[in-house]
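Visitor: The structure follows.
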Amino acid sequence: MIRGILSTTQGLGVALWLCPKKSSNVYDKLETVMNSLSTVFPGQPPKFEPHVTITTNIALDLEHPKDDVDRILSACCIALESLPRNGSDREWVRLGSVDTQRKYFKKLYFQVLRNPTLDSFARIVRELFVILPEKVEQEQKIKNPHLFQKDSSGNLVRKRKSVSKKGGNKEEPVEVAIDIQRLQQESAVEAAQWSTQEYDPHLSLVYSDLHPIDNALWHTIRSRVSDYLSIDDCDSKDWNLEGNGVSWEGGVLKLVYCEGNVNEWAVLGSVDLHM
Numbered sequence: 001m002i003r004g005i006l007s008t009t010q011g012l013g014v015a016l017w018l019c020p021k022k023s024s025n026v027y028d029k030l031e032t033v034m035n036s037l038s039t040v041f042p043g044q045p046p047k048f049e050p051h052v053t054i055t056t057n058i059a060l061d062l063e064h065p066k067d068d069v070d071r072i073l074s075a076c077c078i079a080l081e082s083l084p085r086n087g088s089d090r091e092w093v094r095l096g097s098v099d100t101q102r103k104y105f106k107k108l109y110f111q112v113l114r115n116p117t118l119d120s121f122a123r124i125v126r127e128l129f130v131i132l133p134e135k136v137e138q139e140q141k142i143k144n145p146h147l148f149q150k151d152s153s154g155n156l157v158r159k160r161k162s163v164s165k166k167g168g169n170k171e172e173p174v175e176v177a178i179d180i181q182r183l184q185q186e187s188a189v190e191a192a193q194w195s196t197q198e199y200d201p202h203l204s205l206v207y208s209d210l211h212p213i214d215n216a217l218w219h220t221i222r223s224r225v226s227d228y229l230s231i232d233d234c235d236s237k238d239w240n241l242e243g244n245g246v247s248w249e250g251g252v253l254k255l256v257y258c259e260g261n262v263n264e265w266a267v268l269g270s271v272d273l274h275m
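With full-length UniProt numbering applied, the sequence shown corresponds to residues 1 to 275, in that order.
Quick look at the structure:
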């Protein structure tokens, strides 16, 4: 079921992004300030579009991704529609202060304000498409080792269905049932813990290895954010209380293959949200 996906220690794998729509004013403003900020960092940082990562390491068959991509995006839309909303959740992506970390992918970013809709959606996606598939795969390897074989890289992957010379599928070996209900319960618990302890929604502005950011560069960053987005003191934590005025509702969900050079990341599929 799950082939070609990389583990969390190897990379980001397939990520689910929530982006503002390209035709929107907020997309244009964010893209402009991101392009401007990238010019003040050394080494020509890679370009990428404005997005909030919902989760990484989504499990799907990278050799034949279309069916999995369509299924996952459809399920994500259904999950979003099922979540309770109220008036205060209308613009459920609201940006806060600008911050920096040592990490390459969080070198410079806008904090995203926590929101019940966003948190619940991330938890559901993590549970269904990251944690549960991994648990099922591990359980299958234990209960049904005959269904797996090593690929050219030495990784255990599920065997493809065999086709007889006369046509049609060969008789499949007996498969020992796994306790899917238990795995679902465990996945729900782990996803809930992840959403409260690890999930850190943000909108990256620049990817870079530069560390630390000196005072002169930080002054330039503050100045450009003010010029392009009219946000003074963009690094003030006060913006994390009610937002800095940059926000969007709905947008576009994208499944993105995030391995290798950032400039080579590939969008596997997308769907517009109508909320």
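From the three backbone atoms N, C-alpha and C, an ideal C-beta is built for every residue, glycine too.
Taking all protein chains shown into account, decide if D151 is buried (16 or more other Cβ within 10 angstroms of its Cβ) or exposed.
Guide: Within the sequence shown, numbered from 1, the residue matching residue 151 stands at position 151. Exposed, since its Cβ has fewer than 16 Cβ neighbours within 10 Å.
Visitor: Going by the beta-carbon positions, is the gap between C234 and R222 smaller than 7 Å?
Guide: In the sequence shown, the residue the question calls residue 234 occupies position 234. In the sequence shown, the residue the question calls residue 222 occupies position 222. Yes; because the gap between Cβ atoms is below 7 Å, this pair is in contact.
Visitor: Nearest-angstrom Cα distance between D209 and K47?
Guide: As a working mapping, residue 209 is identified with position 209 in the sequence shown. As a working mapping, residue 47 is identified with position 47 in the sequence shown. If I take the Cα positions, the gap works out to 14 Å.
Visitor: By the 10 Å Cβ neighbour count, where 16 or more other Cβ atoms means buried, how is E127 classified, buried or exposed?
Guide: By 1-based counting over the sequence shown, the position of residue 127 is 127. With 16 or more other Cβ atoms within 10 Å, it is buried.
Visitor: Looking only at its chain, what residues have a beta carbon closer than 6 Å to the beta carbon of E259, apart from the 5 residues adjacent to it on each side?
Guide: Along the sequence shown, one-based indexing puts residue 259 at 259. Within the same chain, E259 has close Cβ partners G11.
Visitor: Opposite C19 in the DSSP bridges: which residues?
Guide: Along the sequence shown, one-based indexing puts residue 19 at 19. Partner(s): V252.
Visitor: Quick check on DSSP: helix, strand or coil for Q101?
Guide: For the purposes of this step, residue 101 is taken as residue 101 along the sequence shown, with counting starting at 1. Of the three classes helix, strand and coil, the one that applies to Q101 here is coil, per DSSP.
Visitor: In the DSSP assignment, the beta strand (DSSP E) including Y109 goes from what residue to what residue?
Guide: One-based indexing of the sequence shown puts residue 109 at position 109. Run containing Y109: L108 to V112, per the beta strand (DSSP E) assignment.
Visitor: Which same chain residues, not among the five before or five after E91, have their C-beta less than 7 Å away from its C-beta?
Guide: Looking up residue 91 in the sequence shown gives position 91. Cβ within range, chain order: S247, W248 and E249.
Visitor: Is the beta carbon of V256 closer than 7 Å to that of L73?
Guide: By 1-based counting over the sequence shown, the position of residue 73 is 73. By 1-based counting over the sequence shown, the position of residue 256 is 256. Not a contact, by the Cβ cut-off of 7 Å.
Visitor: With which residues is S270 paired in a DSSP beta bridge?
Guide: Position 270 of the sequence shown, counting from 1, holds the residue named residue 270. DSSP, once it has assigned bridges, lists K254 as partnering S270.
Visitor: Alpha carbon to alpha carbon, how far is V98 from L241? Give it in angstroms, no decimals.
Guide: Locating residue 241 in the sequence shown gives position 241, where the first residue counts as 1. Locating residue 98 in the sequence shown gives position 98, where the first residue counts as 1. Going by the C-alpha atoms only, they are around 13 Å apart.
Visitor: Determine which residues share a DSSP beta bridge with H202 and list them.
Guide: Here residue 202 corresponds to residue number 202 of the sequence shown, with the count starting at 1. Its beta-bridge partners are Q111.
Visitor: Rounded to the nearest angstrom, what separates N144 and V252 at their Cα positions?
Guide: Sequence index remark: in the sequence shown, residue 144 carries index 144 (1-based). Sequence index remark: in the sequence shown, residue 252 carries index 252 (1-based). Each residue's Cα considered, the two are about 39 Å apart.
Visitor: Starting from the C-beta of F105, find all residues in its chain whose C-beta is less than 7 Å away, skip the five residues before and the five after it, and write them out in chain order.
Guide: Here residue 105 is taken as the residue at index 105 of the sequence shown, counted from 1. Result list for F105: S204 and Y207, in chain order.
Visitor: Does the distance from the C-beta atom of G243 to that of R94 stay below 7 Å?
Guide: Working through the sequence shown from its first residue, we reach residue 243 at position 243. Working through the sequence shown from its first residue, we reach residue 94 at position 94. Their beta carbons are under 7 Å apart, which means G243 touches R94 by this criterion.
Visitor: Based on the DSSP output, what are the partners of F148 in its beta bridges?
Guide: Here residue 148 refers to the residue found at position 148 of the sequence shown. Per DSSP, R158.
Visitor: Given this structure, state the Cα-to-Cα distance separating I236 from Q149, to the nearest angstrom.
Guide: As a position in the sequence shown, residue 236 is number 236, starting the count at 1. As a position in the sequence shown, residue 149 is number 149, starting the count at 1. Checking the sequence, you will find Ser at residue 236 rather than Ile. Looking at the two C-alpha atoms, the distance is approximately 54 Å.
Visitor: For H274, count neighbouring C-beta atoms within 10 Å of its own C-beta (all shown protein chains included) and say buried if the count is 16 or more, exposed if not.
Guide: Mapped onto the sequence shown, residue 274 falls at position 274. The residue in question, H274, is exposed, as its Cβ has fewer than 16 Cβ neighbours within 10 Å.
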